[in-house]
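S.K.: Going by numbering that gives the first Met the number 0, the first residue of the sequence shown is number 0, and it counts up by one from there. Just so you know, even glycine gets a beta-carbon here, dropped at the ideal spot from N, CA and C. Just passing along the structure, written as C-alpha cells.
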Amino acid sequence: MHRILLKGGTVVDSTGTRKCDVLVEGNDISSIGEDLPASRGVLVLDCHGYIVSPGFVDLHTHLRQPGYERAETVESGTRAAAAGGYTAVVCMPNTDPAIDNASVVKDILALSANASCQVVPAGAITVDRAGEQLAPMSEMKDLGVSIFTDDGRGVQDAAVMRRALEYASGLDVTLAQHCEVEQLSTGGVMHEGEWSSRLGLAGVPREAEEIMMARDIALARLARARIHFMHVSTAMSTRLLQHAREEGLRVTAEVTPHHISLTDAMLSDYDTVYRVNPPLRTAEDVYALRDAVAAGLLDAIATDHAPHAPEERDIPMDQAPPGMIGLETALGVAITSLVKREWLPPHSGNVSQDAEASEEGVRTAPIGIAMLIGMLSQQPAAIAGLDAKHGGRQGGPLQPGAPANITVFDPDAGWVVDPASLLSRSRNTPFAGMKLTGKVLHTIYEGELVYDNGQATR
Ligand SMILES: [Zn+2]
Numbered sequence: 000m001h002r003i004l005l006k007g008g009t010v011v012d013s014t015g016t017r018k019c020d021v022l023v024e025g026n027d028i029s030s031i032g033e034d035l036p037a038s039r040g041v042l043v044l045d046c047h048g049y050i051v052s053p054g055f056v057d058l059h060t061h062l063r064q065p066g067y068e069r070a071e072t073v074e075s076g077t078r079a080a081a082a083g084g085y086t087a088v089v090c091m092p093n094t095d096p097a098i099d100n101a102s103v104v105k106d107i108l109a110l111s112a113n114a115s116c117q118v119v120p121a122g123a124i125t126v127d128r129a130g131e132q133l134a135p136m137s138e139m140k141d142l143g144v145s146i147f148t149d150d151g152r153g154v155q156d157a158a159v160m161r162r163a164l165e166y167a168s169g170l171d172v173t174l175a176q177h178c179e180v181e182q183l184s185t186g187g188v189m190h191e192g193e194w195s196s197r198l199g200l201a202g203v204p205r206e207a208e209e210i211m212m213a214r215d216i217a218l219a220r221l222a223r224a225r226i227h228f229m230h231v232s233t234a235m236s237t238r239l240l241q242h243a244r245e246e247g248l249r250v251t252a253e254v255t256p257h258h259i260s261l262t263d264a265m266l267s268d269y270d271t272v273y274r275v276n277p278p279l280r281t282a283e284d285v286y287a288l289r290d291a292v293a294a295g296l297l298d299a300i301a302t303d304h305a306p307h308a309p310e311e312r313d314i315p316m317d318q319a320p321p322g323m324i325g326l327e328t329a330l331g332v333a334i335t336s337l338v339k340r341e342w343l344p345p346h347s348g349n350v351s352q353d354a355e356a357s358e359e360g361v362r363t364a365p366i367g368i369a370m371l372i373g374m375l376s377q378q379p380a381a382i383a384g385l386d387a388k389h390g391g392r393q394g395g396p397l398q399p400g401a402p403a404n405i406t407v408f409d410p411d412a413g414w415v416v417d418p419a420s421l422l423s424r425s426r427n428t429p430f431a432g433m434k435l436t437g438k439v440l441h442t443i444y445e446g447e448l449v450y451d452n453g454q455a456t457r
C-alpha cells in the first residue's frame, strides 16, 4: 500500500486555505491535520512553501491515439499531464478512427488502464465528426462518457446542433462546442487583422467564433439544454457569455493558457508553432479574456494540448496543422499571466510591449491562487461530470476519505521552458525559452506518486 505524507504545505481547495499535513494511504487521504507523525515506511514529501491542491482536470487534451501515435500516445500524453499537475484529462475525439461509437471508447479505456492519470474520452457529437448524423451518444454514455464534442470542427448545421442539444439534455451529458463558422474560416491561418494584412496571410475573423457562439446560446435556450464553449478567444465572446449568464442560461466556458498570454503578432516570423485554432488574437482580446477570468465568466482553464510530430512543423504556414502542446506549461503560464501579473518576457509583439504602449494594458485585477485552482480543478471536474456530485473522484476538497488525487506546486518558482525536457512526445510549444513562474513538483494519482520533480514515476 502506498503511504505518502505531505508535510508543511498550504492546502487550497474549495473549502478554503489552511496550513496542514496530508497523509495518503492506499488510494485515499486517510488523515489531515497539523504535525501528523511520519511513521515507518511512509514517503515524506517536504511541502513547506508549496501549495497542495486537488489534482488538476483538463477539459481539452488531444492524446492522438488511435491514429497519430508519432505525435502522442495515451502513455506519453498522460505522463505529460502528470508533469503538468493533472490527475484527469478529457481526450478529444478527433482521432483516427474518431471516438464516435462504443467500440473506440472501449479501446481508449483499455489503453488507459495503466496511464499516469484518469483518461476520460469525449465522444463525438456526430458520426465521424462530419456534422450530419448524430453519433450514438447513449451507448457511449453507458461506458461513462459524459462530454461530447466534434472538436477541431464546430457543428455547422443549426438543425443538427438543435437536435444534439435536445438529445444531450435528455441524456444529462454535456455538449462542448468548438465555435467556428467554416464559411468564414476556411483557408485562414491566423487572426484576421492588422498583422495578417502585414504578413500577407489569410485570416480568420473573430466573427467565425462569435456567430456560432451566439447561435448556440440561442439554441441552448430553445432546447433548454446546457452547453460548454471551448477555447473562447475574443472580447465579444466574453460579452456573449456574460449576456447568457445574466439570462440564467446554463452556459459554461473554458479559456486556454495561450489565449491569455500570446497575441497574433507572434506570427511575425512566420513560425508555424504559433498557428492554432482559434487563432491567437490581439492584445485587446487577451485583456478582455483576463477580465472575464477575474469576473468569473470563464469557468475553466483548458490546455487544448495539441501535439504534432516535428516534421509537421517545418512547412509553409498554410500546410501546418494548427495546435500547440500545453499540459506541462499550463500552470506556469496561468500563474505568470493571471496571478503574478508578470507579463511574459519581451518577444516580438508580446503583450508586454503592447502593454507598455498602452496605459489600458494593466487594467485587470490579478486573481488569487484559490480562484486559479478552482479553474484548474473543481470547475472543470464538474463540467466533465468527474466530481463527487456526479459519482467521480476528481476536484473535490482534500479531507479524510477523499480520493488522493493531489497536486503539489511551488507558486513562486521561476523556470525556463526547455522543450527537450518536456515529457510529451511532441515539442511544439510556443513557450520555448520563456520564463514562467509556478511549477508543479509532485502529482499523486489515486494514491500513487506519478510525477516527482521532473520524473514520471509510473
Ligand atoms: Zn477546438
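#1: Among Ala109, Ser102 and Val11, whose alpha-carbon lies nearest the alpha-carbon of Lys140?
#2: Checking the sheet assignment: what are the DSSP bridge partners for Glu24?
#3: Can you grab the Cα-Cα spacing for the pair Pro396 / Leu371, in whole Å?
#4: For Met229 and Ile259, I'd like the C-alpha separation in whole angstroms.
#5: Mind checking whether the beta-carbon of Gly247 lies closer than 7 Å to any heavy atom of ligand 1?
#6: In three-state terms, what does DSSP make of Val407?
#7: Cβ of Asp149 versus every heavy atom of ligand 1: is any distance shorter than 7 Å?
#8: Ordered along the chain, which non-local residues of its own chain (more than five positions away) have a Cβ less than 7 Å from that of Gly295?
#9: Taking the alpha carbon of Gly83 as the reference point, which residue from Phe408, Ala114 and Thr335 has its own alpha carbon closest?
#10: Please identify the residue among Asn93, Pro429, Gly453 and Thr16 whose C-alpha is closest to the C-alpha of Met265.
#11: Give the DSSP-derived three-state secondary structure of Gly437 in the structure shown.
#12: Looking at Thr302 and Thr255, is the spacing between their C-beta atoms short of 8 Å?
#13: For Ala97, which option in Thr77, Arg78, Ala121 and Ser111 has the closest C-alpha, if you only look at C-alpha atoms?
#14: State the CB to CB distance for the pair Arg63 and Thr14, rounded to an integer number of angstroms; the pair is presumed to be in contact (CB under 8 Å).
#15: Say whether the segment 121-140 touches the segment 164-180, bearing in mind that this needs 3 or more beta-carbon pairs closer than 8 Å, one atom from each stretch.
#16: Could you give the distance in angstroms between the alpha-carbon of Pro277 and the alpha-carbon of Arg225?
#17: Evaluate Val272 with the Cβ neighbour count: other Cβ atoms within 10 Å of its Cβ, from every protein chain shown; 16 or more gives buried, anything less gives exposed.
#18: Compute the Euclidean distance between the alpha carbons of Ser29 and Val180, then round it to the nearest angstrom.
#19: Inspect the beta-carbon positions of Pro410 and Gly453 and report whether they are closer than 8 Å.
#20: Does the distance between the C-beta of Asp303 and the nearest non-hydrogen atom of ligand 1 fall short of 7 Å?
#21: Answer with buried or exposed for Gln176, where buried requires no fewer than 16 other C-beta atoms within 10 angstroms of its C-beta.
#22: When the Cα atoms are used, what is the spatial distance from Ala123 to Asp45?
#23: Compute the minimum distance between the beta carbon of His258 and the heavy atoms of ligand 1, and state whether it is under 7 Å.
#24: Look at the alpha carbon of Asp494 and the alpha carbon of Pro36, and state the distance between them as a whole number of angstroms.
#25: Measuring CB to CB, does Tyr49 end up less than 8 Å from Leu440?
#26: Go to Glu215, then tell me how far its alpha helix (DSSP H) extends in each direction, as first and last residue.
#27: Based on Cα-Cα distance, which residue from Tyr286, Pro399 and Gly143 lies nearest to Leu118?
#28: In this structure, does DSSP put Gln454 in helix, strand or coil?
#29: Would you mind reading off the limits of the alpha helix (DSSP H) that contains Pro379?
#30: Would you check whether ligand 1 has a heavy atom nearer than 7 Å to the C-beta of Met265?
#31: How is Ile226 classed by DSSP in three states: helix, strand or coil?
#32: Is it buried or exposed for Leu4, if we count other Cβ within 10 angstroms and need 16 for buried?
#33: Where does Ala70 sit, in a helix, a strand or coil, going by DSSP?
#34: What three-state label does DSSP hand Thr237 in the structure shown?
M.R.: The short version:
#1: The residue given as residue 140 occupies position 141 in the sequence shown. Out of Ala109, Ser102 and Val11, Ser102 has the C-alpha closest to the C-alpha of Lys140.
#2: As a first step, residue 24 is located in the sequence shown; it is residue number 25 there, counting from the start. Its beta-bridge partners are Arg2 and Asp27.
#3: What you label residue 396 is simply residue 397 of the sequence shown in a count that begins at 1. What you label residue 371 is simply residue 372 of the sequence shown in a count that begins at 1. For Pro396 and Leu371, the distance between alpha carbons rounds to 15 Å.
#4: In the sequence shown, counting from the first residue as 1, residue 229 sits at position 230. In the sequence shown, counting from the first residue as 1, residue 259 sits at position 260. Between Met229 and Ile259, the alpha-carbon positions lie close to 14 Å from each other.
#5: Counting from one through the sequence shown, the residue named residue 247 turns up at place 248. Incorrect: Gly247 has no Cβ contact closer than 7 Å to ligand 1.
#6: One-based indexing of the sequence shown puts residue 407 at position 408. Note: Val407 maps to strand in three-state DSSP.
#7: Locating residue 149 in the sequence shown gives position 150, counting from the first residue. No, since every heavy atom of ligand 1 falls outside the 7 Å radius drawn around the Cβ of Asp149.
#8: In the sequence shown, the residue the question calls residue 295 occupies position 296. Within the same chain, and ignoring the five residues on either side of Gly295 in sequence, no residue has its Cβ closer than 7 Å to its Cβ.
#9: By one-based count along the sequence shown, residue 83 stands at place 84. Ranking the options by Cα distance to Gly83, first place goes to Phe408.
#10: Residue numbering aside, residue 265 sits at position 266 when the sequence shown is read from its first letter. If we check each option's Cα against that of Met265, Pro429 comes out closest.
#11: Here residue 437 is taken as the residue at index 438 of the sequence shown, counted from 1. Of the three classes helix, strand and coil, the one that applies to Gly437 here is strand, per DSSP.
#12: Along the sequence shown, one-based indexing puts residue 255 at 256. Along the sequence shown, one-based indexing puts residue 302 at 303. In this structure, Thr302 lies closer than 8 Å to Thr255 by Cβ.
#13: Against the sequence shown, residue 97 aligns to sequence position 98. Considering only alpha carbons, the answer is Ala121.
#14: Numbered from 1 along the sequence shown, position 64 holds the residue referred to as residue 63. Numbered from 1 along the sequence shown, position 15 holds the residue referred to as residue 14. The Cβ separation is near 37 Å, so there is no contact.
#15: yes
#16: For this step, residue 277 is matched to residue 278 along the sequence shown. For this step, residue 225 is matched to residue 226 along the sequence shown. Spanning the two alpha carbons is a distance of roughly 22 Å.
#17: The sequence position of residue 272 within the sequence shown is 273, counting from 1. Val272 sits buried, since 16 or more C-beta atoms from the chains shown fall within 10 Å of its C-beta.
#18: Residue numbering aside, residue 29 sits at position 30 when the sequence shown is read from its first letter. Residue numbering aside, residue 180 sits at position 181 when the sequence shown is read from its first letter. Cα-Cα distance, rounded: 50 Å.
#19: Start at 1 with the first residue of the sequence shown, and residue 410 comes out as number 411. Start at 1 with the first residue of the sequence shown, and residue 453 comes out as number 454. For Pro410 and Gly453, no; Cβs fall outside 8 Å.
#20: Here residue 303 refers to the residue found at position 304 of the sequence shown. Within the cutoff, so yes.
#21: Your numbering for residue 176 matches position 177 in the sequence shown. Label assigned to Gln176: buried.
#22: Position 124 of the sequence shown, counting from 1, holds the residue named residue 123. Position 46 of the sequence shown, counting from 1, holds the residue named residue 45. Going by the C-alpha atoms only, they are around 43 Å apart.
#23: As a first step, residue 258 is located in the sequence shown; it is residue number 259 there, counting from the start. No, the beta carbon of His258 sits no closer than 7 Å to any heavy atom of ligand 1.
#24: Outside the shown range of the chain (0 to 457) lies residue 494, about which nothing can therefore be said.
#25: Translated into positions along the sequence shown, residue 49 becomes position 50. Translated into positions along the sequence shown, residue 440 becomes position 441. Yes, they are a contact pair.
#26: By 1-based counting over the sequence shown, the position of residue 215 is 216. First, the residue type needs correcting, since residue 215 is Asp and not Glu in the sequence shown. Where Asp215 is concerned, the enclosing alpha helix (DSSP H) starts and stops at Glu206 to Ala222.
#27: Residue 118 sits at position 119 when you count from the first residue of the sequence shown. Correcting the residue type first, residue 118 is Val in the shown sequence and not Leu. Out of Tyr286, Pro399 and Gly143, Gly143 has the C-alpha closest to the C-alpha of Val118.
#28: Here residue 454 corresponds to residue number 455 of the sequence shown, with the count starting at 1. DSSP places Gln454 in strand when its eight states are reduced to three.
#29: Along the sequence shown, one-based indexing puts residue 379 at 380. First-last of the alpha helix (DSSP H) with Pro379: Gln378 to Ile382.
#30: If you number the sequence shown from 1, residue 265 lands on position 266. No, the Cβ of Met265 stays beyond 7 Å of every heavy atom of ligand 1.
#31: The residue you call residue 226 lines up with position 227 of the sequence shown. Reduced to three states, the DSSP call for Ile226 is strand.
#32: As a working note, residue 4 is residue 5 in the sequence shown. Buried.
#33: Translated into positions along the sequence shown, residue 70 becomes position 71. Coil, per DSSP.
#34: The residue you call residue 237 lines up with position 238 of the sequence shown. Assignment of Thr237 by DSSP, reduced to helix, strand and coil, places it in the helix class.
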